[in-house]
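Novice:
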Amino acid sequence: MDFATIVDWLDRNVAQFGITIGGERLTLQVLLLLGIGTYLTLRLGLPQIRKFAHGVAVATGRYDDPNDPGDVSHFQALTTALSATVGIGNIAGAAIAIHLGGPGALFWMWMTAFLGMATKYSEVTLAQKYREVDESSAKYSGTVSGGPMYYIEKGLGPRWKPVAAFFAVMLGLTAFMTGNANQANTVADAMRAEFGIATWVTGLVTSTIVALVILGGIKRIGRVTSILAPFMAIVYVTAAMIIIILNLGQVPETFAIIFREAFNPTAGVAGTGVGAFLVTLMWGVRRGLFSNEAGQGSAPIAHAAAKTDEPVSEGVVALLEPFIDTIVIVTMTALVIIMTGAWNSQVPTAIQLGGGDISYVVLDEGGSSVPTEPTGTIRYTLGRPGVTSEPHLAWHEVSVPQLFEDEAQTQPFSGAVDPARTVAIADDGRELAVLYGQAYETGAPLTQMGFQRGLAPLGDWGHYIVIFSVFLFAISTAISWSYYGDRCANYLFGQSAIIPYKLVFVAMHFIGAVLPLAVVWSLGDIFLAIVIIPNLIALIFLAPQIREMTESYFTRSPWERHRKG
29 MDFATIVDWL DRNVAQFGIT IGGERLTLQV LLLLGIGTYL TLRLGLPQIR KFAHGVAVAT
89 GRYDDPNDPG DVSHFQALTT ALSATVGIGN IAGAAIAIHL GGPGALFWMW MTAFLGMATK
149 YSEVTLAQKY REVDESSAKY SGTVSGGPMY YIEKGLGPRW KPVAAFFAVM LGLTAFMTGN
209 ANQANTVADA MRAEFGIATW VTGLVTSTIV ALVILGGIKR IGRVTSILAP FMAIVYVTAA
269 MIIIILNLGQ VPETFAIIFR EAFNPTAGVA GTGVGAFLVT LMWGVRRGLF SNEAGQGSAP
329 IAHAAAKTDE PVSEGVVALL EPFIDTIVIV TMTALVIIMT GAWNSQVPTA IQLGGGDISY
389 VVLDEGGSSV PTEPTGTIRY TLGRPGVTSE PHLAWHEVSV PQLFEDEAQT QPFSGAVDPA
449 RTVAIADDGR ELAVLYGQAY ETGAPLTQMG FQRGLAPLGD WGHYIVIFSV FLFAISTAIS
509 WSYYGDRCAN YLFGQSAIIP YKLVFVAMHF IGAVLPLAVV WSLGDIFLAI VIIPNLIALI
569 FLAPQIREMT ESYFTRSPWE RHRKG
C-alpha cells in the first residue's frame, strides 16, 4: 500500500466521516462547525454584528496601551492571524470549492464565515484569559503562550489536560500540512505551470525565506506580517475590483447564480449535478474553514500574544478576520472565477499520467464524475474510452472527453492506459507518459485563468497578479503557522523543543512543495477534521464564561481610559 492510498483511506474514513443522506455524506466537520457557530452566535447575542464597529476601533490602535502585557499590538496580532488565514485558501481554496461544489459553494463559505465570526470571537477571548506570560522566556520564543490547549486545561480543569495535549499534538501536525506544506505546494505548482520551474527549486527558495523569518520569533513575525499582509491584500483586491468593474453588468446575474446554485445545484463541473445540495454545502464549508480557520483553534495562538489586559478587546478584533478573509477577499476571487466563465471552461492540458492531478472516474446517471479505482488497463479508441460506463481517465476529478497524442490535439490516442504503470500504450507499442486533451483547471491555476481573462482588456498579465499573490500569501501563511506550531511544541515539551520544531517545519515546507497536490490537500483536510473537535467541545462548555466576560467588558467600557480620539 503506497502513501497516496493511505491518505485516501484516511480522507474517506476521517475527513469524510459523517452520516449519509440521499446518497451524499454530511460530515461531522460540517455539522460541528455550523452547529456550534450557530449556538455561539445566539448565546452571545450576534457579536459579529453588534460588536463589529468596536472591533474595528480596537484593531486600528485607538485604545492601545504599550504598557499592557503581551508581545505585539492589536494590529500586529490581527495581521499575523490574517497572514495565516488570508492565503492560499483565498486563491486556491475558493477555486477548489467552486470546482468541486459549483458556484453555490460560495454561499456556504459566507455562512461559515458569518457563524465563524462568533466562533473566532469566543476562542480568542478565552485564549487571552487563560494565556501564560513568562518574562524569562528564551530569545526566540516570545513571552506569551496561549491558545486552546491552555483554555482547555485551565478553563475545564486538570482532568482535561490529556485533551489539551491531544489538541496541541494535532494542531502541531496541522501546522506542518495546512499552514505549511499546502502553501508550498500551491506556490510550486503555480511556478511550474507558468514558468516551468522545478518544484524542488521553488521549495528550496520559499523554505529558505520562511526559515530566515521564523527563527526571529513572534516579534519579527509580527513586524513582517504587519507590512506584508496589508500590502498583498491591497494588490490582490485591487486587481479583482478592476475585473469586477470591467464586468459590472454581470454582477447581478453572478450573485443570482450563486444563490440559486447554493440550494439547487444544476451546473456542476466536478462532483456536482442536479440536486447535489450536500456536495455544494460540504465543499463550501470545508474550504470556508480552510480559508478563515474559525473553530480550528489556530488564530487564538497569535491573538494571545496581543498587548492587552482585557480578553474581550482582542476577541472583538479577531471577529474581523472571517469577514475580511472570506466575505471580502474570497468573494472577490469567486466573482472573478464565475463572471469570467473560467470555472466551467475546458482548456488545452498536458495530461501527465504519473502526475498527482490524475484520477479515474465513472459517470453516474446525472453525468457527474464519481471517483473509482480501475482494476486493469483502460481501452481508448480514437481518444475516447471504449466503454463509457467503466473507469476512465480524469484530470482534477473530471473525465477528459478525448485524449490525443500531440499537443496540437490532432492525433487521437488509440491504445490502452495502464494506471498501475502510469503510462499509455499505443496500438503500435509506443509507451507515452503524457497525453493531451481539453480539461478543467482547479486551485490556483483556475484563479489565474480568471484573472488573465478578466484583465485581458488591459493586457495579457492578469495571471501574474495571482502568481505574485500566491507567492506572498503562501510565505506569509507559513510564517504565521510556524508560530502556532512552536507554541504547541512549547506547551508539550517546553522551550527546548521550539528550535527543533522550527527546523522540521522548514523541512516539511520543502517536502510539501514536491508532493502531489491532491495528497497534500487531503492530508490538510484530515488533520483539520480532527483538530476542531476538542476545541469546539471546549467552546460549548466555556460559553457561559465568554458571555459573562462580554457583558462585563461592555458594561465597564474599559477602553475609555485609553481613548486616543
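Numbered as in this note's numbering, the sequence shown ends at 593 without a single skipped number.
The beta carbon of each residue, even a glycine, is placed where N, CA and C say it ideally should be.
This one's a predicted model, so the numbers in the text were calculated from it and none came from an experiment.
(1) Could you give the C-beta distance for L567 and L61, rounded to a whole number, given that I count them as a contact under 8 Å?
(2) Quick check on the DSSP output: what are the complete alpha helix (DSSP H) runs of length 4 or more inside the stretch 411-495, in order along the chain?
(3) Taking the continuous alpha helix (DSSP H) assigned at Q57, which residues delimit it?
(4) For V428, which residues from the same chain have a beta carbon less than 6 Å from its beta carbon, with the 5 sequence-adjacent residues on both sides left out?
(5) Within the continuous beta strand (DSSP E) that includes R407, where are the two ends?
(6) What number of angstroms, rounded off, separates the C-alpha of M177 from the C-alpha of G404?
(7) Nearest CA to the CA of V172: which residue from A155, V398 and L551?
(8) Pick helix, strand or coil for P402, following the three-state DSSP scheme.
(9) Where DSSP assigns a beta bridge to T1, which residues make up the other side?
(10) Relative to the C-alpha of G130, which candidate in V356, I574 and W311 has its C-alpha closest?
(11) Name the DSSP beta bridge partners of T377, please?
(12) Give the straight-line distance between the Cα atoms of A452 and L381, rounded to the nearest whole angstrom.
(13) Apart from the five residues just before and just after T409, which ones in its own chain have a Cβ nearer than 6 Å to its Cβ?
(14) With the cut-off set at 7 Å, would you say V42 and A557 are in Cβ contact?
(15) Could you compute how far the alpha carbon of S169 sits from the alpha carbon of Q523?
(16) Output the boundary residues of the alpha helix (DSSP H) element that contains V389.
(17) Verify whether the separation of the beta carbon atoms of V215 and V498 is less than 7 Å.
(18) I'd like to know whether the C-beta of V263 is nearer than 7 Å to at least one C-beta of chain C.
(19) Using beta-carbon positions only, say whether Y149 and Y179 come within less than 7 Å of one another.
(20) Measure the C-alpha to C-alpha separation of E469 and V375 and round it to an integer number of angstroms.
(21) Bridge partners for S173 per DSSP, in chain order?
(22) Rounded to whole angstroms, what's the CA-CA distance from V302 to N292? Just pull it up for me.
(23) Specify the secondary structure class of E579 as computed by DSSP and reduced to three states.
(24) How about the stretch 495-513 and the stretch 183-191: do they share at least three Cβ pairs that are nearer than 8 Å?
(25) How close, in whole Å, do the beta carbons of P440 and G411 come, if the pair is a contact with beta carbons under 8 Å?
(26) Please classify S580: is it buried, with 16 or more other beta-carbons within 10 angstroms of its beta-carbon, or exposed?
(27) Helix, strand or coil for I225? Go by DSSP, reduced to three states.
(28) To the nearest angstrom, how far is the alpha carbon of Q44 from that of W138?
(29) Could I get the ranges of all uninterrupted alpha helix (DSSP H) runs contained in the stretch 513-540, with 4 residues as the minimum, in chain order?
(30) My understanding is that A203 touches L520, with C-beta atoms under 8 Å, so please give their C-beta distance in whole angstroms.
(31) Can you name the start and end residues of the alpha helix (DSSP H) that P586 belongs to?
(32) With a cut-off of 8 Å, do at least 3 Cβ pairs link the stretch 210-230 to the stretch 533-544?
(33) Where does P131 fall in DSSP's three states?
(34) Cα-Cα, which of S417, Q480, G89 and T153 is closest to E588?
(35) Could you say which of R584, I119, A502 and I554 lies nearest to V238 if we only look at CA atoms?
(36) Would you tell me roughly how many angstroms separate the C-alpha atoms of R639 and G132, rounded to the nearest one?
Specialist: Quick answer:
(1) Residue 567 sits at position 539 when you count from the first residue of the sequence shown. Residue 61 sits at position 33 when you count from the first residue of the sequence shown. Actually they do not touch by this definition, with Cβ atoms about 11 Å apart.
(2) 471-482
(3) Along the sequence shown, one-based indexing puts residue 57 at 29. For Q57, the enclosing alpha helix (DSSP H) begins and ends at L56 to R71.
(4) Counted from its first residue, the sequence shown places residue 428 at position 400. Cβ within range, chain order: L421, G465 and A467.
(5) Counted from its first residue, the sequence shown places residue 407 at position 379. Looking at the DSSP string, the run of the beta strand (DSSP E) that includes R407 is I406 to T409.
(6) Locating residue 177 in the sequence shown gives position 149, where the first residue counts as 1. Locating residue 404 in the sequence shown gives position 376, where the first residue counts as 1. One Cα belongs to M177, the other to G404, and the distance between them is close to 48 Å.
(7) Residue mapping note: residue 172 aligns to position 144 of the sequence shown, counting from 1. Among A155, V398 and L551, the Cα nearest to that of V172 is on A155.
(8) Start at 1 with the first residue of the sequence shown, and residue 402 comes out as number 374. Collapsing the DSSP output to three states places P402 in coil.
(9) The displayed coordinates of the chain run from 29 to 593. Any statement about residue 1 would go beyond what the structure contains.
(10) Taking the sequence shown and counting its residues from 1, the one referred to as residue 130 is at position 102. Cα-wise, what sits closest to G130 is W311.
(11) If you number the sequence shown from 1, residue 377 lands on position 349. DSSP, once it has assigned bridges, lists G465 as partnering T377.
(12) As a position in the sequence shown, residue 452 is number 424, starting the count at 1. As a position in the sequence shown, residue 381 is number 353, starting the count at 1. Answer to the nearest angstrom: the Cα atoms are 8 Å apart.
(13) The sequence position of residue 409 within the sequence shown is 381, counting from 1. Cβ neighbours of T409 beyond the five flanking positions: S442.
(14) Position 14 of the sequence shown holds residue 42. Position 529 of the sequence shown holds residue 557. Yes. Within cutoff.
(15) Residue numbering aside, residue 169 sits at position 141 when the sequence shown is read from its first letter. Residue numbering aside, residue 523 sits at position 495 when the sequence shown is read from its first letter. With a pLDDT of only 45 at S169, under the threshold of 50, the placement of this residue in the model should not be trusted, and no figure is reported.
(16) Position 361 of the sequence shown, counted from the first residue, corresponds to residue 389. Run containing V389: none in the alpha helix (DSSP H); it sits in the beta strand (DSSP E), I386 to L391.
(17) Sequence index remark: in the sequence shown, residue 215 carries index 187 (1-based). Sequence index remark: in the sequence shown, residue 498 carries index 470 (1-based). In this structure, V498 lies closer than 7 Å to V215 by Cβ.
(18) In the structure shown, chain C does not exist; there is a single protein chain.
(19) The residue given as residue 149 occupies position 121 in the sequence shown. The residue given as residue 179 occupies position 151 in the sequence shown. Contact flag unset, no.
(20) The residue labelled residue 469 in the question sits at position 441 within the sequence shown. The residue labelled residue 375 in the question sits at position 347 within the sequence shown. In a straight line, the C-alpha of E469 is about 8 Å away from that of V375.
(21) As a first step, residue 173 is located in the sequence shown; it is residue number 145 there, counting from the start. Its beta-bridge partners are E160.
(22) Counting from one through the sequence shown, the residue named residue 302 turns up at place 274. Counting from one through the sequence shown, the residue named residue 292 turns up at place 264. Below a pLDDT of 50, predicted positions are generally treated as unreliable, and V302, at 45, falls in that range; the measurement from the model is reported next regardless. The alpha-carbon atoms of V302 and N292 are separated by roughly 7 Å.
(23) Locating residue 579 in the sequence shown gives position 551, where the first residue counts as 1. Helix, per DSSP.
(24) no
(25) The count along the sequence shown starts at 1 and reaches residue 440 at position 412. The count along the sequence shown starts at 1 and reaches residue 411 at position 383. Sure, about 3 Å apart at Cβ, within 8 Å.
(26) Along the sequence shown, read from residue 1 onward, the residue named residue 580 stands at position 552. Note on S580: under 16 other CB atoms within 10 angstroms of its CB, so exposed under the neighbour-count rule.
(27) Here residue 225 corresponds to residue number 197 of the sequence shown, with the count starting at 1. I225 falls in the coil class under three-state DSSP.
(28) Numbered from 1 along the sequence shown, position 16 holds the residue referred to as residue 44. Numbered from 1 along the sequence shown, position 110 holds the residue referred to as residue 138. In a straight line, the C-alpha of Q44 is about 21 Å away from that of W138.
(29) none
(30) Numbered from 1 along the sequence shown, position 175 holds the residue referred to as residue 203. Numbered from 1 along the sequence shown, position 492 holds the residue referred to as residue 520. About 13 Å; that fails the 8 Å criterion.
(31) Reading the sequence shown from its first residue, position 558 is the one you call residue 586. Element bounds for P586: n/a, residue is neither H nor E.
(32) The stretch 210-230 is in contact with the stretch 533-544.
(33) Taking the first residue of the sequence shown as 1, we reach residue 131 at position 103. Reduced to three states, the DSSP call for P131 is coil.
(34) Here residue 588 is taken as the residue at index 560 of the sequence shown, counted from 1. Looking at the Cα atoms, G89 is the closest of the given residues.
(35) For the purposes of this step, residue 238 is taken as residue 210 along the sequence shown, with counting starting at 1. Ranked by how close their Cα comes to the Cα of V238, the residues R584, I119, A502 and I554 have A502 in first place.
(36) Summary: the structure shown does not reach residue 639, with the chain confined to residues 29 through 593, and so no result is reported for it.
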